[in-house]
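Engineer: Each residue of the sequence shown is one higher than the one before, counting from 734 in our numbering.
No residue lacks a Cβ here, since even glycine has one placed at the ideal position from N, Cα and C.
Quick one: the structure is below, and I'll ask about it shortly.
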Amino acid sequence: MNTQQRNTVPDQVATPCLKCSKYIGFCFGVQRAIEMAREAVAGHGAPIRTLGPLIHNPQVVAQLRREGIRDVKRFTHLKPGAVLVIRSHGVPCAVEQRMRARGLKVIDATCPFVKKAQNLIASLARDGCDTILVVGEPQHPEVEGLVSYGTPVRVHVVRSVEELKALKLAGRVGVVAQTTQSPACFRKIIASLKRRQDIQLTVHDTICRETNRRQRDALRLARQCDAILVIGGKNSANTARLHQRCLAINPRSFHIEQADELTPEMLRGAATVGLVSGASTPVSIIAEIARIAAAPAGRPQ
């Protein structure tokens, strides 16, 4: 089954009142990580472990746990030979080195787009950059991993032009982005850097193409629809960002994780309802929310 087929809401839940984004369900990196973890169970037997939740969706993580894929906060209690999966966000270099030194069977499910960003940061460090900037969220697991690849260069994480202004920069400056960052935010920061006369700038736009497409389509729906449902885990940074961007355009934008969070007040009087999802949201949850939103009881007038 290809990605397009896998990420299609069934026809029976689509109605003229609902407008579903063209880009829903699992992104490539998430789907790949789930498949690799399931293949590990098939090849090595349960249980296998993942360092932290494999993806940022509690319902999917709960299902994987039932299949023998268990997330752990630490791996120091695991015996040599145990299988440990690196999730799609990646991990800091030193953490991976300790995993392998312990004799664990490490399966690297880091998203290829994240891996590319890691390698570009390592390349900037080797090429003699004085400073490396990562445009992203400082506490996000992906960003924590990205920063580690810049050693021993000074690496700063920035989220806005305002944070950028506080930094003293000189010489060669390299810039990359968290793969799920807002393209608009990244462009503003780059534009600000280009106005500085005292630096030599190298820019790598490492924002995932699917992130770009999801955000553009979400904004399209936010302009067209009376209400927007942004569906995804409450711990999902990319879903939260989609919600924030939709909310800036359409005040009737709601971030919900499951169908039971949908209330009549959210959709009261809405003639059109847009559905968008984060990159870790399964189609089954989207379809259930769509079914309820389309039903008369779910959409009171």
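State whether the stretch 960-975 contacts the stretch 766-780, with contact taken as three or more CB pairs (one from each stretch) at a distance under 8 Å.
Structural biologist: Result no; under three Cβ-Cβ pairs closer than 8 Å.
Engineer: Is the stretch 851-868 in contact with the stretch 792-812, if contact means three or more CB pairs nearer than 8 Å?
Structural biologist: With a cut-off of 8 Å, the stretch 792-812 and the stretch 851-868 do not count as touching, because too few Cβ pairs lie within range.
Engineer: Between which two residues does the beta strand (DSSP E) carrying Val824 extend?
Structural biologist: Against the sequence shown, residue 824 aligns to sequence position 91. Taken as a continuous stretch (DSSP letters only), Val824 belongs to no beta strand (DSSP E), as it is neither H nor E.
Engineer: Buried or exposed for Gln851, please, with buried defined as at least 16 other CB atoms from any protein chain shown within 10 angstroms of its CB.
Structural biologist: Locating residue 851 in the sequence shown gives position 118, where the first residue counts as 1. By the 10 Å Cβ count, Gln851 comes out buried.
Engineer: Which of the three DSSP states, helix, strand or coil, is assigned to Phe846?
Structural biologist: Position 113 of the sequence shown holds residue 846. Three-state result, Phe846: helix.
Engineer: How long is the line joining the alpha carbons of Ile923 and Gln933, rounded to whole angstroms?
Structural biologist: Counting from one through the sequence shown, the residue named residue 923 turns up at place 190. Counting from one through the sequence shown, the residue named residue 933 turns up at place 200. Going from the Cα of Ile923 to the Cα of Gln933 covers about 12 Å.
Engineer: With 16 as the cutoff for other CB atoms within 10 Å, does Gln764 come out buried or exposed?
Structural biologist: What you label residue 764 is simply residue 31 of the sequence shown in a count that begins at 1. Buried.
Engineer: Taking buried to mean at least 16 other C-beta atoms within 10 Å of its own C-beta, is Asn983 buried or exposed?
Structural biologist: By one-based count along the sequence shown, residue 983 stands at place 250. Buried, since its Cβ has 16 or more Cβ neighbours within 10 Å.
Engineer: Tell me the start and end of each unbroken beta strand (DSSP E) in the stretch 766-794 that is at least 3 residues and wholly inside, in chain order.
Structural biologist: Listed in chain order, they are 781-784.
Engineer: Does the Cβ-Cβ distance between Gln948 and Ser915 come in under 8 Å?
Structural biologist: For the purposes of this step, residue 948 is taken as the residue at position 215 of the sequence shown. For the purposes of this step, residue 915 is taken as the residue at position 182 of the sequence shown. Their beta carbons are under 8 Å apart, which means Gln948 touches Ser915 by this criterion.
Engineer: Identify every residue that forms a DSSP beta bridge with Ala960.
Structural biologist: One-based indexing of the sequence shown puts residue 960 at position 227. Paired residue(s): Val1006.
Engineer: Comparing C-alpha positions only, which one of Thr864, Met832, Ser821 and Pro813 sits nearest to Cys844?
Structural biologist: Taking the sequence shown and counting its residues from 1, one reaches residue 844 at position 111. That would be Ser821, whose Cα lies nearest to the Cα of Cys844.
Engineer: Could you check where the beta strand (DSSP E) with Ser893 kicks off and where it finishes?
Structural biologist: For the purposes of this step, residue 893 is taken as the residue at position 160 of the sequence shown. Note, Ser893: premise wrong, no beta strand (DSSP E); not H, not E.
Engineer: Measuring CA to CA, which of Tyr882, Gly869, Ile1018 and Gly801 is closest to Cys826?
Structural biologist: To locate residue 826, count along the sequence shown from 1; it is residue 93. Closest option to Cys826, Cα to Cα, is Tyr882.
Engineer: Leu995 and Ile1025: beta carbons closer than 8 Å?
Structural biologist: As a working mapping, residue 995 is identified with position 262 in the sequence shown. As a working mapping, residue 1025 is identified with position 292 in the sequence shown. Yes, they are a contact pair.
Engineer: Out of Thr884, Arg929, Val880 and Val816, which one is the CA nearest neighbour of Val894?
Structural biologist: As a working mapping, residue 894 is identified with position 161 in the sequence shown. The residue with the shortest Cα to Cα distance from Val894 is Arg929.
Engineer: Along the alpha helix (DSSP H) that carries Ser925, what are the first and last residues, could you check?
Structural biologist: In the sequence shown, the residue the question calls residue 925 occupies position 192. Per DSSP, Ser925 belongs to the alpha helix (DSSP H) from Pro916 to Lys927.
Engineer: On the premise that Val805 lies in contact with Leu784, defined as a C-beta separation below 8 Å, what is that separation, rounded to the nearest angstrom?
Structural biologist: Your numbering for residue 784 matches position 51 in the sequence shown. Your numbering for residue 805 matches position 72 in the sequence shown. Correct: roughly 7 Å between the Cβ atoms.
Engineer: Apply the 10 Å Cβ neighbour rule to Leu900 and answer buried if 16 or more other Cβ atoms are within range, or exposed otherwise.
Structural biologist: Looking up residue 900 in the sequence shown gives position 167. When all chains shown are included, Leu900 counts as exposed.
Engineer: To the nearest angstrom, how far is the alpha carbon of Leu879 from that of Asn971?
Structural biologist: Mapped onto the sequence shown, residue 879 falls at position 146. Mapped onto the sequence shown, residue 971 falls at position 238. Taking the straight line from one Cα to the other gives about 17 Å.
Engineer: In or out: His789 buried (at least 16 other Cβ within 10 Å) or exposed?
Structural biologist: Numbered from 1 along the sequence shown, position 56 holds the residue referred to as residue 789. Result: buried.
Engineer: In the DSSP output, which residue or residues are listed as bridge partners for Ala910?
Structural biologist: Counting from 1 along the sequence shown, the entry for residue 910 is found at position 177. DSSP lists Val868 as partners of Ala910.
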